[in-house]
Amino acid sequence: GTIGVTELHDGLTALGYDEDEVSFMHAILDQDEALDRATDWIGLLRSQVKAGLVEPVEAKNKLAAMGLASSAVEHWGNLFTAYSEEPDKIPSKTDIKNWVAHKTITEAEGKTYLERLGYADHEIYLYMIDWTGSEERYTEWIERMREIAAGLGV
Numbered sequence: 004g005t006i007g008v009t010e011l012h013d014g015l016t017a018l019g020y021d022e023d024e025v026s027f028m029h030a031i032l033d034q035d036e037a038l039d040r041a042t043d044w045i046g047l048l049r050s051q052v053k054a055g056l057v058e059p060v061e062a063k064n065k066l067a068a069m070g071l072a073s074s075a076v077e078h079w080g081n082l083f084t085a086y087s088e089e090p091d092k093i094p095s096k097t098d099i100k101n102w103v104a105h106k107t108i109t110e111a112e113g114k115t116y117l118e119r120l121g122y123a124d125h126e127i128y129l130y131m132i133d134w135t136g137s138e139e140r141y142t143e144w145i146e147r148m149r150e151i152a153a154g155l156g157v
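Numbering-wise, the sequence shown is residues 4 to 157 according to our numbering.
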């Protein structure tokens with residue numbers, strides 16, 4: 004969020020809410036944030052299972068470790084198993100981007116997946132610069148753009 008717990012508490016009490024109401028609103032916000040995190044992880048795990056990077060049991064265990072209800076863990080575990088049995092194991096560009104960003108796969112593995120999806124070397128190069136965001140890559144990218152501009156006489 005953009006404000007801390009203390010600022011939230013102070014702001015709500017200044018608006019006239021009592022301690023019980025403030026605690027209730029804080030709990031709702033915490034649950035919403037936890038749900039967002041779980042949703043992100045479920046999407047990430049789903050794509051990893053579908054691509055064969057993670058076994059369904061491992062994905063299910065990760066959800067259980069996050070504190071999801073056993074019924075939700077069982078539900079997603081069944082879906083993960085179904086995803087793993089699908090014949091198509093080529094991930095989408097967005098999946099690859101998330102894996103590279105979360106360091107689930109290496110840049111080299113990301114490049115290999117993008118090549119399998121039919122992307123040209125130059126496109127892959129630009130994606131890796133954008134996705135990894137490292138200072139060295141940014142500097143390298145700026146230098147390359149200067150070379151291109153100089154070659155065009157700009």
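Ideal Cβ positions, reconstructed from N, Cα and C, are used throughout, including at glycine.
- Query: Hey, Glu110 and Thr135 are a contact pair by Cβ (cut 8 Å); roughly how many whole angstroms apart?
  - Reply: For the purposes of this step, residue 110 is identified with residue 107 of the sequence shown, where counting begins at 1. For the purposes of this step, residue 135 is identified with residue 132 of the sequence shown, where counting begins at 1. A Cβ-Cβ separation of about 6 Å places Glu110 in contact with Thr135 under the 8 Å criterion.
- Query: So which of Val60, Thr16, Ala104, Ala72 has the shortest CA-CA distance to Gly80?
  - Reply: As a first step, residue 80 is located in the sequence shown; it is residue number 77 there, counting from the start. Nearest option by C-alpha distance: Val60.
- Task: Grab me the residues of Trp102's own chain with a C-beta within less than 6 Å of its C-beta, minus the 5 sequence neighbours each way, in chain order.
- Result: For the purposes of this step, residue 102 is taken as the residue at position 99 of the sequence shown. These residues qualify, in order along the chain: Ile108.
- The alpha helix (DSSP H) enclosing Ser95, as first and last residue numbers: Reading the sequence shown from its first residue, position 92 is the one you call residue 95. For Ser95, there is no enclosing alpha helix (DSSP H), as DSSP marks it with neither H nor E.
- For Ile6, three-class secondary structure by DSSP: Walking along the sequence shown from the start, residue 6 turns up at place 3. Ile6: coil per DSSP, three-state reduction.
- Item | Span of the alpha helix (DSSP H), counted from its first residue to its last, around Asp33 | Counted from its first residue, the sequence shown places residue 33 at position 30. Segment 22-53, the alpha helix (DSSP H) holding Asp33.
- Query: Between the C-alpha atoms of Asp10 and Ala30, what's the straight-line distance to the nearest angstrom?
  - Reply: Within the sequence shown, numbered from 1, the residue matching residue 10 stands at position 7. Within the sequence shown, numbered from 1, the residue matching residue 30 stands at position 27. With the sequence shown as reference, residue 10 is identified as Glu, and Asp is not the correct amino acid for it. Cα-Cα distance, rounded: 15 Å.
- Item | Nearest to His105 (by Cα), restricted to the options Ser50, Ile145, Thr84 | Within the sequence shown, the letter at position 102 stands for residue 105. Distances from the CA of His105 to each of Ser50, Ile145, Thr84 were compared; the closest alpha carbon is that of Ser50.
- Task: Using alpha carbons as the reference points, say which of Thr84, Ala72, Ser95 lies closest to Ala62.
- Result: What you label residue 62 is simply residue 59 of the sequence shown in a count that begins at 1. Ala62 has its Cα closest to that of Thr84, out of Thr84, Ala72, Ser95.
- Check Gly154 in the structure and name its three-state DSSP category. As a first step, residue 154 must be located in the sequence shown, where it is residue number 151. Note: Gly154 maps to helix in three-state DSSP.
- Message: Am I right that Met28 and Leu15 are in contact with their C-beta atoms under 8 Å? What's the rounded C-beta distance?
- Response: Your numbering for residue 28 matches position 25 in the sequence shown. Your numbering for residue 15 matches position 12 in the sequence shown. Confirmed, Cβ separation roughly 6 Å.
- Message: Assuming Pro94 and Ala54 are in contact, meaning their beta carbons sit under 8 Å apart, how far apart are those beta carbons, in whole angstroms?
- Response: The residue given as residue 94 occupies position 91 in the sequence shown. The residue given as residue 54 occupies position 51 in the sequence shown. Rounded, the Cβ-Cβ distance is 4 Å, consistent with contact.
- Below 8 Å between beta carbons: does that hold for Leu120 and Lys96? Sequence index remark: in the sequence shown, residue 120 carries index 117 (1-based). Sequence index remark: in the sequence shown, residue 96 carries index 93 (1-based). Contact: yes.
- Where Ser74 and Ile45 are concerned, what is the direct C-alpha to C-alpha distance, given to the nearest angstrom? Here residue 74 corresponds to residue number 71 of the sequence shown, with the count starting at 1. Here residue 45 corresponds to residue number 42 of the sequence shown, with the count starting at 1. Looking at the two C-alpha atoms, the distance is approximately 14 Å.
- With DSSP collapsed to three states, give me the class of Lys114. One-based indexing of the sequence shown puts residue 114 at position 111. In the three-state reduction of the DSSP assignment, Lys114 falls in the helix class.
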